[in-house]
Ligand SMILES: Cc1cc2nc3c(=O)[nH]c(=O)nc-3n(C[C@H](O)[C@H](O)[C@H](O)COP(=O)(O)OP(=O)(O)OC[C@H]3O[C@@H](n4cnc5c(N)ncnc54)[C@H](O)[C@@H]3O)c2cc1C
Ligand SMILES: Cc1cc2nc3c(=O)[nH]c(=O)nc-3n(C[C@H](O)[C@H](O)[C@H](O)COP(=O)(O)OP(=O)(O)OC[C@H]3O[C@@H](n4cnc5c(N)ncnc54)[C@H](O)[C@@H]3O)c2cc1C
Ligand SMILES: Cc1cc2nc3c(=O)[nH]c(=O)nc-3n(C[C@H](O)[C@H](O)[C@H](O)COP(=O)(O)OP(=O)(O)OC[C@H]3O[C@@H](n4cnc5c(N)ncnc54)[C@H](O)[C@@H]3O)c2cc1C
Ligand SMILES: Cc1cc2nc3c(=O)[nH]c(=O)nc-3n(C[C@H](O)[C@H](O)[C@H](O)COP(=O)(O)OP(=O)(O)OC[C@H]3O[C@@H](n4cnc5c(N)ncnc54)[C@H](O)[C@@H]3O)c2cc1C
């Protein structure tokens, strides 16, 4: 969707030389419903007819924004019109716009680093950010006024698959650790691996892991085939709520099998994985929202199939 | 594995003209552990050096045995040697043999038709059968004395996939019924489809159904590719415990959504499906046994990968 | 609430000499929302100023209605006014009335006996009943026109506790059967009772059973103390959705432990219990409705505590 | 069980002026099976016939040991006999002894502070402790050589109830927070409290919380009545595995309802509660062990009731 000014970021971003952040969520409103968002992008028409845009609001859970390599942030904001500026676009589909804010930038203030269950995830942590009279120009708009939702949908899909793949990686590693531990440690006269209860934990974890893997591969395949992430949206929503749940259960069982060694993050990664997967049911939109998407789309499809 | 005498059954069986039954489970012993089986196949050496085999015992859950089209039963029995007969086979791997018993047959007595949660599943029901001095000859043995387990493993794999596919069919139909009902019925001022709780039931069912489908397709693909059902045994065991659980949850939710209409089997198939899927966690071997198989095989594989 | 004419039924009912039925649910509408109910009670003012009431509609799941000892049915119906009859009561709280219909009665026709998962529960089964021009008089009204909901609430509370107590009885019996079976049957070289997996099933069942018992006793105690079933309504709603779930899990585990013997209802009661408990999540109102009641009441209480 | 020298600690401990620590768990062995414990208490008979005891080993998860107010630790150790010392006690029931180690003490070295999911729980944290040639005398033994298990059982019961009560407190607070949040925050056009999905989360949490409360009160009552913690051991084991599970679910739902605000521990206590409750399924012995205790005791009781 970019403009030339925006495209200067693209190559270094893909090369991994710079980072970006995506600022949608706000502390004051239920942000899983994006119509709630309050951050304002006010359009002014200046003295010589030049338009400018001013950003005001507060965001949080801005992952990566505090990373020193972060060179720009995409901010979702509600359009306001002042000083005689009016909505001149033909875009009717939304009140929200995404703006690219180069970083660092005057008026963009990090209020605090958020902890995730006590972890600050530094350097790639989560910021609470206030936006105070941030001055921007037309070149900073992504795809024009009011295209916020369209753009963010296109962006979030692949990111979500990526999250699921990482979740599967965590679960796979946790299963391996379970197998290893259960063959090394003995209790009540036999290896953990020989206790029926442990075997059940392993077998249930295999089922969860395989299910998560199958669903995600399927989704990725659909995405590749259809070449339009939009069509695969349903499958993305499906894995978005199904995979965190399945992989969480695997890690949870691994922790239980490790006993005291499982709940500390000093010798093993399991505790760290667990909080990561727990927050995945919220990051990228809470389960409730994705379940709704899937249900509504199935209802629609079924309805149409009968007309 | 067949002999010519046995092969006469094959073509009509595949054509669907005749049926067969498989008699392994016994009421008196935990039959999920086949070493427990008590039915005896006694080998006698007769006057002129001719061997004969006599079958005695009691079986139950013999699906299809009472069907009038059932022309033969495969019976799993423990070898006994009498009248100077001894074990002359080189087969060392098992005490159990499978024999083909043509049906009807003197000595094979149907004691009762078993009900499944009140259903008798007639005509293709489940029999409790007593075997009293059933006279057989060498031609009736499948693959020789003591090959019982090898043969039954080969036979059960594809049957289990077939069961899973039927389970998926039931779940898919149940989801369709949920979609339909929720768009037709109103409660508390809106269609069921508009209640958040119902949407969640639908979304969870989509996830369960898709997972079941993916796992089963994967397993079938492995089976086709490897051309040796034995290698796919793990995946079969996995779907054996995973799929009944997933599909059961779908049907269970559909019943809940149907209210009173869901628990009666007169107007809808859901109640019928539910008891079918509940028994699938037992038929073909209970979950506990398949979970153990999967866990042990993963433990072994992991162990070998580290040597 | 009764009139003298109605009270003639009371003593023989309490003595168990006669039975009654309660007809609320209708096949055509979501009856968990009673405002949906369509059965009509039409008030007519006849030639000499005498009022009469005529009942028309269709009910189902009328438990006990077909029992030969059933002498009367309480029917919930929507008021209609014809022939100049108007609503002269001061009762504003509802459009529904409960009428006592002596049984058998002209116009009350049993359309069919409903099955519950294949069981007809005879003689105390569940009827689908059509009501065709059933003639009634003022004496048949319970507590006056429009008091339907008030009366049915008062009636349903104690009935629900009774259902929970029966559920607990089923679970307790199932646990006993599990204990017995697991000490008698061997698999894979040891008694089921010695397998870790079975011990876990038992321990989880003890927890479920004890929880169900505690909650129900608490609720019964509150009901006795407060002497007003209305106040205990919340606790009744709570056990209404919690107890069927907990007890169902116990029976479900028992079935699994019994293997093939668990899913047949011929030798053991478990299969029968399971379908009974499954339908309990629907009979007396589906979970969704009772959960809503509890949530809303907690929200209100919390809200008031902060004013 | 104390000696005069030990009793000097009692009054200040009860007054809260000093603290103690209990050192049982060891990193190298599955400590849920106490027969595995490796820390050695070696009895020596010195030159003048005076016995001394030397402690060697490594413990971890020693809660409170690093607290500056901690004045003594109770250490569970395996008896060894050296320099002609022999087991002269009549106590046959165990190889383990509990010794009181005054703190600080030469040879007791804190290796590191363990983190619980990234929290160090300072100042009352969890230590990994090495015990190197710690010199003790007969006065330090609690209840004599070999009484380790008897004493630790007596000690752990009340501590476990206390843990459950704290868990219930956390769940109760989480439910309150859910109620509050759901009445303040709006998404998709209505308060969270009005979404069916949220109501269900609240209702399920009420059921979990009430069940946990009932079970724990019951257990405490039994303990008070029987005056012998030993008899209540079963009920303690029951709540030990049931209550962490129930209360965890409540906190987990509260986190989900809070979205991003739920997974950070900066503004709300929920994230902190969750990891606390997760570790409760391991601290004080893992679920598997307590489930086994309950199952075995029920099996025994049932067996005896039938003799
Ligand atoms: C680790 C992490 C990283 C993140 N990274 C980013 C980032 O880089 N950029 C960014 O912008 N945001 C980020 N987020 C924020 C995340 O996207 C939001 O937290 C999420 O979208 C939910 O918004 P909320 O917190 O405002 O929750 P809310 O919108 O308040 O929702 C909370 C809860 O309300 C209930 N609810 C909401 N709608 C419904 C409904 N229709 N029906 C029933 N219940 C409902 C659900 O229980 C839901 O869980 C991150 C979050 C985390 C935890
Ligand atoms: C609808 C239906 C159709 C069937 N059709 C046939 C058929 O055509 N032919 C045929 O031969 N059989 C058939 N069966 C029988 C079925 O195969 C057996 O019921 C099944 O194998 C279990 O055997 P069992 O009933 O003896 O259970 P058991 O062996 O007694 O097992 C019962 C329970 O014991 C526990 N258990 C057992 N082993 C372990 C372990 N290692 N660890 C922990 N717990 C354990 C589990 O909880 C298990 O569920 C059918 C059954 C049904 C329900
Ligand atoms: C064994 C048995 C005995 C019975 N005995 C009697 C009797 O003696 N007399 C009598 O009158 N009735 C009786 N009933 C009927 C019973 O009371 C009704 O079935 C029950 O009240 C539900 O009504 P419904 O079947 O119309 O379901 P519906 O009202 O159609 O509800 C079906 C489903 O819709 C969904 N739903 C409804 N409302 C909501 C909501 N607000 N939010 C989210 N989801 C919602 C739920 O999933 C619910 O389970 C009996 C039923 C059974 C099974
Ligand atoms: C917050 C916290 C505070 C603690 N405070 C103290 C303290 O003050 N003092 C102290 O001494 N200890 C303390 N502990 C340690 C705790 O008591 C132990 O972690 C616990 O007893 C388990 O021992 P383990 O870690 O060695 O696990 P293991 O014994 O290795 O057990 C791990 C797992 O093995 C499996 N397992 C074991 N036995 C069986 C079986 N029979 N059947 C099936 N599966 C089985 C289970 O899955 C189990 O969860 C604390 C722990 C925590 C987390």
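Residue numbers (the UniProt record's numbering), protein chains in the order written: chain A, 1 to 307; chain B, 1 to 307; chain C, 1 to 307; chain D, 1 to 307. In this text, a Cβ means the ideal position worked out from N, Cα and C, and glycines have one as well.
How is the beta strand (DSSP E) around residue i delimited, first residue to last?
| i | result |
| --- | --- |
| residue 56 of chain D | 51-63 |
| residue 132 of chain A | 126-136 |
| residue 98 of chain D | 96-102 |
| residue 112 of chain C | 108-114 |
| residue 188 of chain B | Residue 188 of chain B -> no beta strand (DSSP E), and no H or E assigned at all. |
| residue 31 of chain A | Note, residue 31 of chain A: premise wrong, no beta strand (DSSP E); not H, not E. |
| residue 74 of chain B | 70-81 |
| residue 37 of chain C | Residue 37 of chain C -> no beta strand (DSSP E), and no H or E assigned at all. |
| residue 22 of chain A | 19-23 |
Which residues in the same chain as residue i place their Cβ atom closer than 8 Å to its Cβ, once the five residues preceding and following it in sequence are excluded?
| i | result |
| --- | --- |
| residue 284 of chain D | 156, 159, 160, 163, 240 |
| residue 20 of chain D | 9, 13, 64, 70, 71, 72, 73, 74 |
| residue 84 of chain A | 45 |
| residue 208 of chain C | 171, 246, 247, 249, 250 |
Who are the Cβ neighbours of residue i in its own chain at under 6 Å, not counting the five residues just before and after it?
| i | result |
| --- | --- |
| residue 125 of chain B | 66, 113 |
| residue 92 of chain D | For residue 92 of chain D, the predicted model reports a pLDDT of 49, less than 50, meaning its position is unreliable; a value from the coordinates is still stated below. Nothing listed; no residue qualifies. |
| residue 293 of chain C | 237 |
| residue 304 of chain B | none |
| residue 82 of chain B | 42, 44 |
| residue 177 of chain D | 254 |
Which chain D residues are close to residue i, counting only those with a beta carbon under 8 Å from its beta carbon?
| i | result |
| --- | --- |
| residue 36 of chain A | 186, 187 |
Residue i versus chain B: which residues are under 7 Å apart at the beta carbon?
| i | result |
| --- | --- |
| residue 197 of chain D | 196, 197, 200 |
| residue 303 of chain A | 183 |
| residue 32 of chain C | 187, 259 |
Whose C-beta lies closer than 7 Å to the C-beta of residue i among residues of the same chain, with five residues either side of it excluded?
| i | result |
| --- | --- |
| residue 117 of chain C | 275 |
| residue 211 of chain D | 246 |
| residue 244 of chain B | 167, 277, 280, 281 |
| residue 111 of chain C | 128, 129, 130 |
| residue 314 of chain C | In the structure displayed, chain C extends from 1 to 307; residue 314 of chain C sits before or after that span and is not available. |
How would you write the range of the alpha helix (DSSP H) that residue i sits in, first residue to last?
| i | result |
| --- | --- |
| residue 295 of chain A | 287-305 |
| residue 242 of chain D | 233-258 |
| residue 279 of chain C | 270-280 |
| residue 7 of chain D | 4-7 |
Which residues of chain B have a Cβ atom closer than 9 Å to the Cβ of residue i, listed in chain order?
| i | result |
| --- | --- |
| residue 244 of chain C | Those within 9 Å of residue 244 of chain C in chain B number zero; the least Cβ separation is about 11 Å. |
Quick one: list the residues of chain D neighbouring residue i, beta-carbon separation under 9 Å, in chain order.
| i | result |
| --- | --- |
| residue 117 of chain A | 117, 118, 119, 263, 264, 265, 271, 272, 274, 275 |
| residue 282 of chain A | 255, 256, 258, 259, 260, 262, 263 |
Identify the contact partners of residue i in chain C, using a Cβ-Cβ distance below 8 Å as the criterion.
| i | result |
| --- | --- |
| residue 279 of chain B | 263 |
If the cut is a Cβ gap below 9 Å, which residues of chain A does residue i touch?
| i | result |
| --- | --- |
| residue 294 of chain B | 199, 202, 203, 206, 207 |
Interface residues of chain A around residue i at Cβ under 7 Å?
| i | result |
| --- | --- |
| residue 179 of chain B | 298, 299, 302 |
Under 7 Å Cβ-Cβ, which residues of chain D neighbour residue i?
| i | result |
| --- | --- |
| residue 193 of chain C | 299 |
Beta carbons nearer than 8 Å to chain B: which residues of the segment 253-272 of chain C have them?
255, 256, 259, 260, 261, 262, 263, 264, 265, 266, 271, 272
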